[in-house]
Amino acid sequence: MTHPELLAYAHRSVLCWLATVDAEGGPSVSPKEIFAVVEGGARVVIANIASPESVRNIRHHPQVGLSFIDVFVQKGCKIKGRAQVLTADDPDFARWAAPLQAMAGERFALRSLIVVHPHTVEPIVAPSYRLYPDQTTEAGQYDAARAQYNAIPRPD
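Okay, so the sequence shown: first residue is 823 according to our numbering, each after it adds one.
Quick look at the structure:
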């Protein structure tokens, strides 16, 4: 998967899903609403608004998984990588926080940042694309999702 594809799926995703491992080795998955793909897809920065468990887990075990899904076409990407937590006293905090400030606005304070350094990026596709490749199109998936959820995606 190329960086432009990653950027496209991230842009079309309302949430990303961050998977971490706790101190006992147990999995934890948490939705994240305020995030940005930066440096042309080389990094993903996530706002810590109310994520003490994710931050604690990353500090203990920095290997993470991150997923973006365009729910309308049922495609996305899965990232495996290493995460780091940056606090306001870190010299790079302002640079990494900049793309998130507009999204967070005055309503949400950025308690810290989670910066994900991807090692691998792989596609995620609904099974119908593989099981019924001649019948499954993005347009068809889009129409079916709109009908099922009675929703319209945000414009690009």
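Glycine is no exception: its CB is placed at the ideal position from the N, C-alpha and C atoms.
Residue pairing for residue 944: DSSP places it in a beta bridge opposite 900. The distance from the Cβ of residue 876 to that of residue 842 is about 5 Å, consistent with a contact at the 8 Å cut-off.
Counting other Cβ atoms within 10 Å of its Cβ, residue 938 reaches 16 or more and is therefore classed as buried. Residue environment for residue 972: exposed (fewer than 16 other C-beta atoms within 10 angstroms of its C-beta).
In the three-state DSSP reduction, residue 871 falls in the coil class, being neither helix nor strand.
With a beta-carbon spacing of about 19 Å, residue 926 and residue 890 fall beyond the 8 Å limit used to define contacts. In this structure, the alpha-carbon of residue 966 lies about 12 Å from that of residue 950. Under the three-state reduction of DSSP, residue 852 is assigned to strand. With a minimum length of 4 residues, the unbroken runs of alpha helix (DSSP H) contained wholly in the segment 877-933 fall at 915-926. Cβ contact annotation for residue 941 (same chain, cutoff 6 Å, sequence separation greater than five): 902, 903, in chain order. Listed in chain order, the non-local C-beta contacts of residue 892 below 7 Å within the same chain comprise 831, 834, 835, 898, local neighbours out to five positions each way being set aside. When secondary structure is reduced to three states using DSSP, residue 858 falls in the strand class.
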